[in-house]
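Asks: Input: one structure, supplied below.
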Amino acid sequence: MKAKIRYSLALLLLFFACSGAAPVAQDPPHLSIPQGWTLQSWTADPEVLTAAPKPPGISFKDGKFSMSGGVNRMTGKYSAKRDGRLILKGGGMTEMAGDPAAMKAEEVFTQLFSGVTHWRVKGKALVLSNGTPDLELRFQVRAPLKAKPLTGTEWSLQGFEKRGKKATSDTALVAGTTITLTIGADGRASGSAGVNRYFGKAELGKGDQITFGPMASTRRGGPPKAMAQERAYLQQIKDVSSWVVTGNRLVLTGKDGSFALRFDAK
10 MKAKIRYSLA LLLLFFACSG AAPVAQDPPH LSIPQGWTLQ SWTADPEVLT
60 AAPKPPGISF KDGKFSMSGG VNRMTGKYSA KRDGRLILKG GGMTEMAGDP
110 AAMKAEEVFT QLFSGVTHWR VKGKALVLSN GTPDLELRFQ VRAPLKAKPL
160 TGTEWSLQGF EKRGKKATSD TALVAGTTIT LTIGADGRAS GSAGVNRYFG
210 KAELGKGDQI TFGPMASTRR GGPPKAMAQE RAYLQQIKDV SSWVVTGNRL
260 VLTGKDGSFA LRFDAK
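Counting along the sequence shown from 1, when you hit position 86 you're at 95 in our numbering, and nothing is skipped either side.
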């Protein structure tokens, strides 16, 4: 599985290394939309896409794109010309493993995406292609999701983000572990840290501000990697200062912006 992930990543990086794209000052109309785009069809086996639990997607804004293959994510820069040419320059891509059907769809998607050189928008459809009908990725406007409430929702951690000035890295959870967080209306915070249960207090401030107090936990032992991950999580949650919920996703960000904890609603 890791070999397939690295192959797809290498293929994308090889393509992007030759593109030499630079960000544009202003996006062409209709390409950059707040909702982003969800893949609807491609010039490959349609059953592979249908079997995936979550379709790939992409969004464009201010010369930067953010792409999800269904499991892993990539960010980069683009230059979209009004004559339909599209120049892409990718950054790093995460290397997480996931559902086999999702991984297969992601592999096909990244292979097709590496050949994209053109774009066009017609109505609510975006088509990325190599300039011919032989390679096409057809997207539709992503349906807006009603935001889950911060309190009363059980959140499941999807990954640890380390944010630098030039790049963002994403670390997946240790295999076989689950980290959760629930914040009650009374401010009680609790969940599983992967091995042990933890509990404490969360205080909501103005706007998107949030602070967590010291967390107590049970004292079970576990595998070294799971215990190291648990310590890292409990340390980071103490340093969280802001939150945002978009649809089914919660992101908690550190005080200095150097890290984020990314959750999905269970």
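Each residue gets a CB set at the ideal place from its N, CA and C atoms; glycine is no exception. Nothing here was measured: the structure is a model prediction, and the numbers come from that model.
Shorter than 9 Å from the beta carbon of Asp217 to some beta carbon of chain C?
Replies: The structure shown contains no chain C; it holds only a single protein chain.
Asks: Scan the region 218-248 and note each continuous alpha helix (DSSP H) run of 4 residues or more that stays entirely inside, going in chain order.
Replies: For the region 218-248, whole alpha helix (DSSP H) runs of length 4 or above, ordered along the chain, are 233-247.
Asks: Are there 16 or more other CB atoms within 10 angstroms of the CB of Lys90, so buried, or fewer, so exposed?
Replies: The residue is exposed, with fewer than 16 neighbouring Cβ atoms inside 10 Å.
Asks: CB Thr220 to CB Asp143, shorter than 9 Å?
Replies: No, Cβ-Cβ distance for Thr220 and Asp143 is not below 9 Å.
Asks: Using only alpha-carbon positions, find the residue among Thr103, Met236 and Arg94 that is nearest to Gly168.
Replies: Nearest C-alpha to Gly168: Thr103.
Asks: Just checking my contact of Ser75 with Arg82 at CB under 8 Å: how many whole Å lie between their CB atoms?
Replies: Indeed they touch by this definition, with Cβ atoms about 7 Å apart.
Asks: Determine, using beta-carbon pairs with one atom in the region 238-246 and one in the region 116-134, whether at least three such pairs fall under 8 Å.
Replies: As far as the Cβ criterion goes, the region 238-246 does not touch the region 116-134, which means the pair count is below three.
Asks: Could you tell me the alpha carbon to alpha carbon distance between Pro55 and Ala269, rounded to whole angstroms?
Replies: The straight-line gap from Cα to Cα measures roughly 35 Å.
Asks: If I follow the unbroken beta strand (DSSP E) through Thr119, where does it start and stop?
Replies: Where Thr119 is concerned, there is no enclosing beta strand (DSSP E), although the alpha helix (DSSP H) it sits in stretches over Pro109 to Phe122.
Asks: Is the beta carbon of Gly85 less than 9 Å from the beta carbon of Leu95?
Replies: No, these two residues do not count as a Cβ contact at 9 Å.
Asks: To the nearest angstrom, how far is the alpha carbon of Lys275 from that of Thr262?
Replies: Going by the C-alpha atoms only, they are around 20 Å apart.
Asks: Name the one or two DSSP bridge partners that Met102 has.
Replies: Paired residues: Met83.
Asks: If you follow the beta strand (DSSP E) that Thr189 is part of, which residue opens it and which one closes it?
Replies: Thr189 to Ile192 is the span of the beta strand (DSSP E), which, as asked, contains Thr189.
Asks: With 16 as the cutoff for other CB atoms within 10 Å, does Phe69 come out buried or exposed?
Replies: Buried: at least 16 other Cβ atoms inside 10 Å.
Asks: Just to confirm, is the Cβ distance from Ile192 to Thr227 under 9 Å?
Replies: Against a cut-off of 9 Å, the Cβ pair of Thr227 and Ile192 comes out as no contact.
Asks: Measure the Cβ-Cβ separation of Ile246 and Leu182 and say whether it is below 9 Å.
Replies: Not a contact, by the Cβ cut-off of 9 Å.
Asks: Using CA coordinates, which residue listed in Ala111, Asp92 and Lys157 is at the minimum distance from Ser165?
Replies: Per the Cα distances, Lys157.
Asks: I believe Glu212 touches Gly200 by the beta-carbon criterion, under 8 Å. Please report the beta-carbon distance rounded to the nearest angstrom.
Replies: At roughly 17 Å, the Cβ-Cβ gap does not stay under 8 Å, so Glu212 and Gly200 are not in contact.
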